[in-house]
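One structure is given below, encoded as structure tokens.
In the numbering used here, the protein residues as written are 951 to 1230.
This is how it looks when you write it as structure tokens:
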């Protein structure tokens, strides 16, 4: 019995150690979306999600070293920065990295369910910190910008899982152009049949985080999980969206069968017809 307990303890310790080591190296994904042959009108979007500063092994320097030589036009942050007031100062070095990367068209952020764990005053401090360091925060609102002569609507839909999403409000000021949606919980796509988007970026699921043998714990997190849409590129009603595995972890700082993710999306600025849509 003693020997069995020792062996079991050793396996558990190794599992935890290995799972923790998996949080220190991010996978760098690149995706080209809605491209047609001969199209040279693109925007390069750095997408990061779910920093979870309480359980984040990726350092600001690591992030900068990975990205300093990349062409980045716009940075999209899709929520769950932290859930404790004392973690807010830890966010600043990452925001300074985003400033150093000098995205030509800015940094845009939406909030996730963990951010809303903060009480009103502390949440406002988080929001003000993001904005102080150049982030444009979007809560059911649209910012329309001109990129290379094209109209681009950056639509920030607030967190669906905490019932803060308001689609009519988010789309109220959308103009004719390309619609790029930023949101935390991707389950919102199941309610957007009447709301057009050319591309949607999200996070929330962490790719399961502990995805072994299967991420059974995600079932309670909505219908997309039951459709086996928990990470990467997908389409609903012909509309493309992406679910990041996130940069940090929640609850425990381990990953099994999932990896911290940094993604650069190269998105065509010319919307495609249904017949033309493809992903390279």
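Backbone N, C-alpha and C fix where the C-beta goes; we use that ideal spot for every residue, glycine too.
Could you tell me whether the region 1010-1028 touches the region 1047-1065, using the rule of 3 or more Cβ pairs below 8 Å?
yes
Between the beta-carbon of residue 1210 and the beta-carbon of residue 976, is there less than 9 Å?
Cβ distance < 9 Å, so residue 1210 and residue 976 count as in contact.
So, using beta-carbon positions, are residue 995 and residue 1098 closer together than 9 Å?
no
Taking residue 1107 as part of the beta strand (DSSP E), name the residues at either end of that continuous run.
1100-1107
State yes or no: is the C-beta of residue 1180 within less than 9 Å of the C-beta of residue 1193?
Judged by their CB atoms, residue 1180 and residue 1193 are nearer to each other than the 9 Å cut-off.
Shortest alpha-carbon distance to residue 1124 belongs to which of 1032, 1146, 1185, 1065?
1146
Same chain, Cβ closer than 8 Å to residue 1127, five either side skipped, listed in chain order:
Around residue 1127: 1094, 1100, 1101, 1102, 1103.
Presumed contact (8 Å Cβ cut-off) between residue 1109 and residue 1061, rounded CB distance:
6 Å
List the whole-angstrom C-beta distance separating residue 1156 from residue 1134, where the pair is believed to meet the contact cut-off of C-beta under 8 Å.
The Cβ separation is near 12 Å, so there is no contact.
Presumed contact (8 Å Cβ cut-off) between residue 1285 and residue 969, rounded CB distance
Lying before the first or after the last residue shown, residue 1285 is absent from the chain, which here runs from 951 to 1230.
Cβ distance (whole Å) where residue 1129 is taken to contact residue 1107 below 8 Å:
With a Cβ gap of about 11 Å, residue 1129 and residue 1107 do not count as contacting.
The beta strand (DSSP E) that contains residue 1189, what's its start and end?
1189-1193
Whole runs of the beta strand (DSSP E) within the region 1057-1116, excluding any shorter than 3 residues:
1057-1060, 1085-1087, 1091-1097, 1100-1107
Work out the CA separation of residue 1086 and residue 1015 for me, nearest whole Å.
Each residue's alpha carbon lies about 24 Å from the other.
Which residues does DSSP list as the beta-bridge partners of residue 1133?
1107
First and last residue of the alpha helix (DSSP H) that includes residue 1048?
1038-1051
Are the CB atoms of residue 1059 and residue 1092 within a distance shorter than 9 Å?
Cβ distance not < 9 Å, so residue 1092 and residue 1059 don't count as in contact.
Please look up how many angstroms separate the CB atoms of residue 1032 and residue 1002, rounded, as I've assumed it's under 8 Å.
7 Å
Please classify residue 990: does DSSP put it in a helix, a strand, or coil?
Coil, per DSSP.
Which first and last residues belong to the alpha helix (DSSP H) in which residue 1175 is found?
1173-1176
Could you name the residues of the same chain whose beta carbon sits closer than 6 Å to that of residue 1080, not counting the 5 residues immediately before and after it, in chain order?
1059, 1087
Can you check which of these residues, 1053, 1170, 1063, is closest to residue 1034 by C-alpha distance?
1063
On the DSSP letters alone, give me the boundaries of the beta strand (DSSP E) that residue 1012 sits inside.
Residue 1012: not part of any beta strand (DSSP E); member of the alpha helix (DSSP H) spanning 1010-1017, first to last residue.
Please list the terminal residues of the continuous beta strand (DSSP E) segment that includes residue 977.
Residue 977 -> beta strand (DSSP E) spans 977-983.
Residue 1027 beta carbon near the ligand FMN (any heavy atom closer than 8 Å)
In terms of ligand content, the structure shown is empty, and the ligand FMN therefore cannot be addressed.
Work out the CA separation of residue 1052 and residue 1017 for me, nearest whole Å.
Going by the C-alpha atoms only, they are around 11 Å apart.
Quick check on DSSP: helix, strand or coil for residue 1206?
Of the three classes helix, strand and coil, the one that applies to residue 1206 here is strand, per DSSP.
If you draw a straight line from the alpha carbon of residue 1182 to that of residue 1150, how long is it in whole angstroms?
Here the C-alpha atom of residue 1182 lies approximately 12 Å from the C-alpha atom of residue 1150.
Looking at the unbroken beta strand (DSSP E) that takes in residue 1153, where does it start and where does it end?
Taken as a continuous stretch (DSSP letters only), residue 1153 belongs to no beta strand (DSSP E), as it is neither H nor E.
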